[in-house]
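Student:
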Amino acid sequence: MYLALYRRFRPETFERVLGQEHIVKILTNQLRNGTVGHAYLFCGTRGTGKTTMARLLAKGVNCLSDGERPCGLCANCLAVKDGVFMDVIEIDAASNNGVENIRELRESVKYPPSVGRRKVYIVDEVHMLSSGAFNALLKTLEEPPEYAMFVLATTERRKLPATVLSRCLCLDFKRVPAEAVKKGMRDVCAELGVGVTEEALALLSSNADGSVRDALSLLDQCVCAVPDEVTRDTVLELLGSPGEEELILLTDTVFDGDVSGALIQLNRLLAEGRDERQLIRDWIEHFRRLMLLRHLKRPEDILNMSVENIDILRKQCERLAPAFVNDGIFALAEILNDAAWSAQPRVLLEIGIIKMASPRISGDAAAVKPAPTKPAPVTKPAPTSAQPSFAAAEQRAASREPAPPEPEPSEPTPSESVPPIDWQAVIAEVKKEKSVLMRLDGHSRLADVGKGVFVIEVFDKFTKMTAEDGRDRIEAAVARVAGMPFHMDCRLNEGAAKGRKSEPEPAEPEPFENEEKEEDVQIQETLDLG
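Okay, structure coming up:
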């Protein structure tokens with residue numbers, strides 16, 4: 085019977101385990117020094133070697149070799165490999181999660197091993213046990229017989245009760261690095277006699293996401309489809325993933341605001357058999373690479389790409405606006421989340437492309453054509469209810485010094501030729517997008533307005549960087565509010581008070597003004613009585 089590659093090439097010794105050197109070091113030292121514990125908990129994501137490591141530990145404690153254990157060649161190691169060793173019991177907690185199953189386990193623990201030195205219980209997916217089953221296991225797990233040991237494996241450590249965690253030696257399995265996955269697949273292909281290109285290995289390891297089992301399963305598909313040589317095109321065809329060139333073209337089309345061209349290109353990709361969800365994931369990864377290229381001096385240390393492809397992406401990164409890249413990641417992540425529960429992921433992707441290609445997302449301020457609005461008329465303040473008499477005014481003017489000039493308003497008063505800008509209305513427009521530009525509220529103010537230019541003052545460096553990155557969207561919001569396009573000039577004023585509102589609060593009247601009003605009212609009442 086044909087065995088899948090991940091079963092056929094399962095490591096039989098600790099030396100062949102990929103990417104878990106820290107755990108291999110602990111277990112080999114315990115086997116060498118005779119300090120093997122009675123209960124272990126292996127935690128980690130899928131395909132990282134938890135069950136494989138549990139079997140290797142079971143081999144190690146029962147291995148007949150006098151040297152390094154497990155040897156993988158003795159009778160006990162071969163029996164464990166074939167699954168016929170009586171003293172290694174594997175239990176699937178997903179289907180045996182009741183109290184009755186744990187009671188049977190407790191009864192079997194009482195009997196000593198038949199062949200080996202230790203009786204090993206491997207419980208996979210242990211987080212699926214019920215609360216009653218956990219409680220029934222606690223006493224046996226804490227103080228098992230000296231010949232018994234437990235190895236628990238789970239992908240959901242947080243679901244285990246603290247009483248179980250405290251009784252086990254917990255070892256966390258990490259995602260296998262891409263280079264280690266590539267090396268493992270390269271060795272497998274060499275043993276199979278199948279050719280494979282480095283580009284294909286890089287693409288397979290990237291889609292495996294740190295899981296060796298997923299990588300070997302994908303490689304198994306490729307080897308069955310093309311038994312001679314696995315290339316990058318083969319992997320793209322089987323995965324339903326678009327190539328880097330297609331993602332670059334699609335991104336440029338969306339950034340240019342060409343909705344029709346983007347939808348036509350999407351239709352062509354889907355007609356060629358691309359999967360919608362896989363396309364969204366690959367597109368998110370493309371935007372991530374663009375984001376990292378903007379901030380990293382040596383992106384090849386993180387990105388799993390060749391230097392030539394990095395240079396191509398760098399050219400596109402210089403052309404795109406930072407806000408477009410950041411908002412594109414959020415938009416596609418939301419689409420991918422909704423597509424997981426939708427029967428029509430294509431429709432969601434098409435709607436997302438239309439939104440991303442709109443002027444608000446792409447930053448095309450020139451495409452914004454708001455309806456022109458007239459500047460608000462300036463109204464004079466209404467007279468107060470208590471007006472002082474002419475005689476009282478003359479008497480006060482003769483007895484007091486002239487009142488000091490009124491302080492200039494903190495906000496600019498634009499001339500009649502320049503329409504006013506309501507900064508609070510601009511903030512409200514920006515808040516509709518629910519982006520990082522919402523920080524402008526309380527951390528900025530409108531400092532000046534001129535012909536075609538408006539100046540904003542920010543109170544910290546982070547807000548300044550945010551405003552500079554979102555310059556296009558701020559200018560578009562101002563154009564919608566004021567009825568004409570403006571260019572933004574951003575200035576930093578770190579001396580300003582934190583948390584200041586965008587609009588200055590009206591200053592309270594000075595004390596001597598209130599005294600004047602009270603004195604005027606008293607004089608008027610005296611004259612009326614006279």
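Residue numbers for the sequence shown follow the working numbering, beginning at 85 and rising by one.
Glycine is no exception: its CB is placed at the ideal position from the N, C-alpha and C atoms.
The structure displayed is predicted, hence computed values, not measured ones.
Roughly how many whole angstroms lie between the Cα atoms of L322 and A417?
Tutor: So the alpha carbons of these two residues sit roughly 24 Å apart.
Student: Which residue's Cα is closest to the Cα of D256: A423, Q362, D150 and R241?
Tutor: For the residues A423, Q362, D150 and R241, the minimum Cα distance to D256 belongs to R241.
Student: Could you tell me which uninterrupted alpha helix (DSSP H) segments, each at least 4 residues in length, are contained entirely in the region 232-284, listed from first to last along the chain?
Tutor: List check, alpha helix (DSSP H) in window: 246-249 and 262-276.
Student: Specify, as a first and last residue, the run of the beta strand (DSSP E) that A123 falls within.
Tutor: Here the beta strand (DSSP E) through A123 covers A123 to C127.
Student: Are A415 and K439 close, meaning C-beta to C-beta below 9 Å?
Tutor: The answer is yes: Cβ separation under 9 Å.
Student: Less than 9 Å between the C-beta atoms of E541 and L530, yes or no?
Tutor: A contact, by the Cβ cut-off of 9 Å.
Student: Going by beta-carbon coordinates alone, are H122 and A232 separated by less than 9 Å?
Tutor: In contact: H122 and A232 (Cβ atoms closer than 9 Å).
Student: With distances taken between CB atoms, is the gap from L287 to M269 smaller than 9 Å?
Tutor: The answer is no: Cβ separation not under 9 Å.
Student: Could you tell me the alpha carbon to alpha carbon distance between K266 and C155, rounded to whole angstroms?
Tutor: Roughly 26 Å between the two C-alpha positions.
Student: Applying the 10 Å Cβ sphere with the 16-neighbour rule, what's the burial state of Q400?
Tutor: When all chains shown are included, Q400 counts as buried.
Student: How many angstroms separate the CA atom of M85 from the CA atom of P197?
Tutor: So the two alpha carbons sit approximately 32 Å from each other.
Student: Taking just the CA atoms, how far does E152 sit from L222?
Tutor: Each residue's alpha carbon lies about 33 Å from the other.
Student: To the nearest angstrom, how far is the alpha carbon of S214 from that of L225?
Tutor: Each residue's Cα considered, the two are about 16 Å apart.
Student: For A407 versus S519, is the C-beta distance shorter than 9 Å?
Tutor: Contact: yes.
Student: When we look at the beta-carbon of M137 and count the other beta-carbons within 10 Å, is it buried (16 or more) or exposed?
Tutor: Buried, by the Cβ-count rule.
Student: State the start and end residues of the unbroken beta strand (DSSP E) segment that holds H571.
Tutor: H571 to L576 is the extent of the beta strand (DSSP E) around H571.
Student: For the candidate residues W367, K134 and E384, whose alpha-carbon lies nearest to that of D411?
Tutor: Checked all of W367, K134 and E384; the closest Cα to D411 is W367.
Student: When you compare each of K545, A274, A237 and A264 to L59 by their alpha carbons, which one comes out closest?
Tutor: Because the chain spans 85 through 614 in this model, residue 59 falls outside it and cannot be assessed.
Student: What did DSSP end up calling P491 once you bin it into helix, strand or coil?
Tutor: Because the pLDDT of P491 is 47, which lies under 50, any placement of that residue in the model is unreliable, and the number read from its coordinates should be weighed accordingly. The answer is coil: DSSP assigns P491 none of H, G, I, E or B.
Student: With a threshold of 8 Å, are at least 3 pairs of Cβ atoms found where one atom belongs to the region 162-180 and the other to the region 199-210?
Tutor: Yes: the two stretches touch, three or more of their Cβ pairs being nearer than 8 Å.
Student: Taking the C-alpha atoms as reference points, what is the distance between R564 and N291?
Tutor: Straight-line Cα distance between these residues: approximately 44 Å.
Student: So R557 packs on L521, CB below 8 Å; how close in whole Å?
Tutor: The Cβ separation is near 6 Å, so the contact holds.
Student: To the nearest angstrom, report how far apart T129 and S295 are at their CA atoms.
Tutor: Near 8 Å, if we compare the C-alpha coordinates of S295 and T129.
Student: Any idea what DSSP makes of V210, helix, strand or coil?
Tutor: It is helical.
Student: Can you tell me whether DSSP reads V520 as helix, strand or coil?
Tutor: Helix, per DSSP.
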